[in-house]
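Q: Let me begin by handing over the structure; questions about it come next.
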Amino acid sequence: MRNEVIELVIRMDKEPELASEEEVRDARSKATAALVHYLETYKSDKTSDSKHALMGPVGKLLPRITTTGDINWESVKGYVLSIHKNLQAPRGVSPDAAIRLDEAVAALEHLRTLLPPTKWLKTVEDIDDEVFFGLYKGHLIGQRKGIQKKFHEWLKANSSLDEVNALLPEDEQYASIEDIEDPFSVPDELGGILKRYWDYYKKKKKEGKK
1356 MRNEVIELVI
1366 RMDKEPELAS
1376 EEEVRDARSK
1386 ATAALVHYLE
1396 TYKSDKTSDS
1406 KHALMGPVGK
1416 LLPRITTTGD
1426 INWESVKGYV
1436 LSIHKNLQAP
1446 RGVSPDAAIR
1456 LDEAVAALEH
1466 LRTLLPPTKW
1476 LKTVEDIDDE
1486 VFFGLYKGHL
1496 IGQRKGIQKK
1506 FHEWLKANSS
1516 LDEVNALLPE
1526 DEQYASIEDI
1536 EDPFSVPDEL
1546 GGILKRYWDY
1556 YKKKKKEGKK
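If you want the numbering used here, it's the 1-based position in the sequence shown plus 1355.
Next comes the structure, spelled out in structure tokens:
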């Protein structure tokens, strides 16, 4: 294994550069963004934030192009659409999804022309990690926004902006309830209000409602 790694490093050092670092960086960024854009059309299992669930069909696409040999890009698109269709049965694949996949694969195909074979393999591996990070970050932000929305709804029904601001220094008061952070980020002065909210949340969760 050690000899194989050394050989790969030597091969990468000997391979001629086909494009500037800036060109490669720009093309790689566009390919990553295009894959994330495509995955916006894929409805993952919202109960899971695993890599398998979030990556969906792209999790099958990237291994398919992890090769130094020739790639049939049209075949790749057909394969991924088939995976997408099966994962979302009976909903299927929208025309927009097919268009976005076409754009993502075109971006990957262009990136491939800028890289020597072994650097291509490493780049695909990096793109896999970058896409997952972007999706996972978006997933967490979406969850946080959902929690913040529920907190705001509770404040409007069970408290008031005046009650909140009465607990804060004048220069830290809020202009509206919508400006208040999620319940994980509010100032310590709102501890009493926050306790009431979490008591309410736990009660609703116990009843099967959130």
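Where is the CB? At the ideal position from N, CA and C, for every residue including glycine. Predicted model only: the values in this text are computed from it and were never measured.
#1: Just the Cα atoms here: how many angstroms apart are Ala-1408 and Leu-1394?
#2: Keeping to the same chain, check which residues put their C-beta closer than 7 angstroms to that of Leu-1442; ignore five residues upstream and five downstream.
#3: Run through DSSP, which three-state label would Glu-1562 get?
#4: With a cut-off of 8 angstroms on the beta carbons, I'd call Val-1460 and Thr-1421 a contact; round off their distance for me.
#5: Three-state secondary structure (DSSP) at Phe-1577?
#6: Asn-1513 by DSSP, collapsed to three states: which one?
#7: On the three-state DSSP scale, how would you describe Ala-1444?
#8: In whole angstroms, what separates the C-alpha of Gly-1414 from that of Asp-1404?
#9: In its own chain, which residues sit with a C-beta less than 7 angstroms from the C-beta of Phe-1488, not counting the 5 before and 5 after it?
#10: Quick check: the Cα distance between Glu-1458 and Ile-1535, rounded to an integer number of angstroms?
#11: By alpha-carbon positions, which one of Lys-1474, Ala-1389 and Leu-1523 ends up nearest to Asp-1451?
#12: Among the residues of its own chain, which have a CB less than 7 angstroms from the CB of Glu-1378, if the five just before and after it don't count?
#13: CA-CA distance, Tyr-1555 and Glu-1508?
#14: Kindly confirm or deny that the stretch 1510 to 1523 and the stretch 1532 to 1548 touch, where touching means at least three C-beta pairs closer than 8 angstroms.
#15: Is Ala-1462 close to the ligand ADP? I mean its beta-carbon at under 6 angstroms from any heavy atom of the ligand.
#16: State yes or no: is the beta carbon of Leu-1416 nearer than 7 angstroms to at least one beta carbon in chain C?
#17: Helix, strand or coil: which one does DSSP assign to Ile-1535?
A: In this structure, then:
#1: 11 angstroms
#2: Gly-1411 and Pro-1412
#3: In this structure, Glu-1562 counts as coil in the three-state DSSP scheme.
#4: So it is not a contact: roughly 14 angstroms between Cβ atoms.
#5: In the structure as shown, the chain starts at 1356 and stops at 1565, and residue 1577 therefore has no counterpart that could be examined.
#6: Correct three-state label for Asn-1513: helix.
#7: coil
#8: It is roughly 14 angstroms from the alpha-carbon of Gly-1414 to the alpha-carbon of Asp-1404.
#9: none
#10: 39 angstroms
#11: Nearest to Asp-1451 by C-alpha distance, out of Lys-1474, Ala-1389 and Leu-1523, is Ala-1389.
#12: The residues are Leu-1469.
#13: 12 angstroms
#14: yes
#15: For the structure depicted, the ligand ADP is absent and the ligand set is empty, with no information on it obtainable.
#16: Of the protein chains in this structure there is only one, and it is not chain C.
#17: coil
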